[in-house]
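Report on the structure given below.
Protein chains: 2
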Amino acid sequence: MFDQFRNKFRLDDDKWNDYTGCFKRMKVSARTALLKEGDIPKNMFLIEKGCIRVWFNNDGKDVTTQFFFENNMVSSIESFRKGYPSPVTIETIEPCVLWYIHKKDADRIIAEVSELPVFREMIIDTVFERTFDYMKQFFSFIKDTPQQRYLNLVKEKPQVVQRVPQHYIASYLGVSTVHLSRIKSKLAKEK
Amino acid sequence: MFDQFRNKFRLDDDKWNDYTGCFKRMKVSARTALLKEGDIPKNMFLIEKGCIRVWFNNDGKDVTTQFFFENNMVSSIESFRKGYPSPVTIETIEPCVLWYIHKKDADRIIAEVSELPVFREMIIDTVFERTFDYMKQFFSFIKDTPQQRYLNLVKEKPQVVQRVPQHYIASYLGVSTVHLSRIKSKLAKEK
DNA sequence: GGCGGGCAATAACATTTGTTATCAAATACG
DNA sequence: CGTATTTGATAACAAATGTTATTGCCCGCC
C-alpha cells in the first residue's frame, strides 16, 4: 500500500518502517461516519479500496463538498492540524478498506521530517494545493452554470459520475436532484 | 507601519531592520491594477491607506472575490509562492498608499526564518487560515441565500458595505446589481 | 456652476431553479 | 426468488434570480 509513496521520500529503512508502521488497516461498511461534524479529528485515513464523501449539515439537508477514492488521503485537514471541531462529516459511500494513523503519530512524523527543508517545502506545498483546490471549486461555483459544473465533473472526475449516487452529486453541484435529472436529460437530447 | 508586527516576532534589531528594509512605499490612484490576471506575481503588498479588491474575468464580466483594507497583506498567494500565472487581478478601489516587497526578498526571508520551528509553525498556520477562509466563503455560498450572505457581510465586514461601490459587492455576493438592490429594499421595508 | 458619466433604484418580463408528488427501474438482502 | 428500499425520471407549479430598460441622483471635472 505504501510502496507507491516510497520513491517520493529519501528516508532510510528504519525511519520508513517506523513511519509506515504507524498506519493500521481496517474494514468498514458503506455509510459509516469516520468523523462526525463537530468532533475533534483523531485520525487521518488512506483509502485502499472504496470511496468516501465529505459533507456538512445545512438545516437538515446534507451538502456534499468532496469525494475521495483509492489512494487518496482523507482528513478534515485544518481541524486535524489545530485540534478544532470538524466543520464536516467524513463518511464512506461504499464498503471500504482503509489505513489510518493517529494524530499523535502524524504530529510526531511531521515535526521530525520538517526539520529537513525538502519536507518542509513539501508540507507547505501540500497545504497550498489544498487551498488552490478550494479556490478552484469556489470559482467554478461562481462562474459556471450547474450544467457546466456537471460537464466539468464528468470530464475531470469521471469516477464520481460512475460510482457515486446521484443525489450526492446533485448536492455537490449545488442543485436539487430534480434539476440534475433535467440537466442530464437535456444533455442526452442535445447529443 | 511595521511596529504593529514588531512584538509578534522575536528577531534581533539587525534582522528586523534587514527585513523591514525590503519594503518600499508607493502611492497609486484608484482603479489601478497591481497584478493582472495571467501575470506572474513579482510583489506582495501591505496596505497603509486605501482599499483593494481581487477579481477575475468571467466572460467579460468581472467577479470580485475578496476585499482588503488598511494593514492587510495582499497577494495572489498560491501563485506568488509557486511562480504560477495569477488566476486573479488585484486592483485598487480607492487611491492607496502601499508598501511592497519583491518576491526574491520575500523568498529569502521565508527561507531564513523557517529554520526556526516557531516561524515554520506560523507560516503553515497562515496558509491554513487562508485555506479555512476559502472554505468558509465557499460553504457560505452553498448554504446561505444571497440575502443571508449580504447580512453576514454587513455584520462581519461593515467596511465593505461602507466603502465599496455596490456593483462590486453584488459580484462578490454572486448576484446581479438589480437583485442586490431588491435585497436591500426588502430589508429596509422589513425594518 | 453646468455637464457627462458612473451609480443605484425600480419595473416588467424572461429564465432558471426549487418543491412536491408520482411512477418506474434498479438494487439489496433475507 | 420476492419484497422492501433506494434511486432516478418526469410533470406541474412556485419561488428566486437574471436581463433589459428607464429614471434620477450624485460627484468629479472643466
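Quick mapping for you: the protein sequence lines, in order, are chains A and B.
Residue 70 in UniProt numbering sits at position 70 of the first sequence, with consecutive numbering throughout.
Residue 77 in UniProt numbering sits at position 77 of the second sequence, with consecutive numbering throughout.
C-beta atoms are modelled at their ideal positions from N, C-alpha and C, and glycine is treated no differently.
When you compare each of the options to residue i by their alpha carbons, which one comes out closest?
{"i": "A:LYS82", "options": "A:LYS103, A:ILE47, A:ASP62 and A:PHE9", "result": "A:LYS103"}
{"i": "B:PHE68", "options": "B:GLU37, B:PRO85 and B:VAL97", "result": "B:VAL97"}
{"i": "A:ILE40", "options": "A:ASP62, A:ILE77 and A:ARG6", "result": "A:ILE77"}
{"i": "A:LEU153", "options": "A:LEU180, A:LYS8 and A:SER79", "result": "A:LEU180"}
{"i": "B:ASP105", "options": "B:GLN66, B:PHE23 and B:ASP13", "result": "B:PHE23"}
{"i": "B:PRO146", "options": "B:ALA170, B:GLU121, B:ILE124 and B:ASN17", "result": "B:ALA170"}
{"i": "B:TRP55", "options": "B:SER86, B:ILE142 and B:ASP18", "result": "B:SER86"}
{"i": "A:ASP107", "options": "A:PHE132, A:TYR19, A:THR65 and A:ASP13", "result": "A:TYR19"}
{"i": "B:ASN72", "options": "B:MET1, B:VAL113, B:SER185 and B:TYR172", "result": "B:MET1"}
{"i": "B:THR64", "options": "B:GLU70, B:SER79, B:GLU37 and B:PHE80", "result": "B:GLU37"}
{"i": "A:ASP125", "options": "B:TYR134, B:PHE80 and B:PHE141", "result": "B:PHE80"}
{"i": "A:GLN4", "options": "A:GLU70, A:ALA33, A:ASP133 and A:ASP144", "result": "A:GLU70"}
{"i": "B:ASP133", "options": "B:GLY60, B:GLN66, B:ASP59 and B:LYS27", "result": "B:GLN66"}
Got a sec: is the Cβ-Cβ distance from residue i to anything in chain B below 9 Å?
{"i": "A:ILE183", "result": "no"}
{"i": "A:ASP59", "result": "yes"}
{"i": "A:THR65", "result": "yes"}
{"i": "A:PRO117", "result": "yes"}
{"i": "A:PHE68", "result": "no"}
{"i": "A:PRO158", "result": "no"}
At least one CB of chain A closer than 9 Å to the CB of residue i: is that the case?
{"i": "B:ARG149", "result": "no"}
{"i": "B:ASP39", "result": "no"}
{"i": "B:ASP82", "result": "Inspection of the sequence shows that residue 82 of chain B is occupied by Lys rather than by Asp. Yes - at least one Cβ of chain A is within 9 Å of the one on B:LYS82."}
{"i": "B:LYS155", "result": "no"}
{"i": "B:PRO146", "result": "no"}
{"i": "B:GLU112", "result": "no"}
May I have the straight-line CA-CA distance separating residue i from residue j, to the nearest angstrom?
{"i": "B:LEU11", "j": "A:ASN57", "result": "45 Å"}
{"i": "B:ILE52", "j": "A:LYS49", "result": "47 Å"}
{"i": "B:ARG6", "j": "B:GLY21", "result": "14 Å"}
{"i": "A:LEU187", "j": "A:VAL161", "result": "14 Å"}
{"i": "B:ILE110", "j": "A:GLN148", "result": "40 Å"}
{"i": "A:GLU121", "j": "B:PRO117", "result": "14 Å"}
{"i": "B:SER29", "j": "B:PRO95", "result": "4 Å"}
{"i": "A:HIS167", "j": "A:ASP62", "result": "10 Å"}
{"i": "B:THR177", "j": "B:ILE183", "result": "10 Å"}
{"i": "B:PHE138", "j": "A:ASP14", "result": "42 Å"}
{"i": "A:PRO158", "j": "A:TYR150", "result": "10 Å"}
{"i": "B:ARG25", "j": "B:VAL113", "result": "23 Å"}
{"i": "B:LEU173", "j": "B:VAL164", "result": "13 Å"}
{"i": "A:LYS155", "j": "B:ASN17", "result": "51 Å"}
{"i": "B:GLU129", "j": "A:MET135", "result": "13 Å"}
Which whole-angstrom value is the C-beta distance of residue i and residue j, which I expect to be below 8 Å?
{"i": "B:TYR84", "j": "B:ASN43", "result": "With a Cβ gap of about 15 Å, B:TYR84 and B:ASN43 do not count as contacting."}
{"i": "B:LEU35", "j": "B:ILE90", "result": "4 Å"}
{"i": "B:PHE141", "j": "A:PHE9", "result": "37 Å between Cβ atoms; not a contact."}
{"i": "B:ARG31", "j": "B:THR92", "result": "6 Å"}
{"i": "B:VAL127", "j": "A:VAL127", "result": "5 Å"}
To test your reading of the DSSP string, which unbroken beta strand (DSSP E) runs of 3 or more residues are found completely within the region 87-134 of chain B? Within the region 87-134 of chain B, the complete beta strand (DSSP E) runs of at least 3 residues are 89-92 and 96-102.
Jot down the residue ranges of each uninterrupted alpha helix (DSSP H) in the region 53-89 of chain B, minimum 4 residues, whole runs only, in chain order. The qualifying runs are 77-82.
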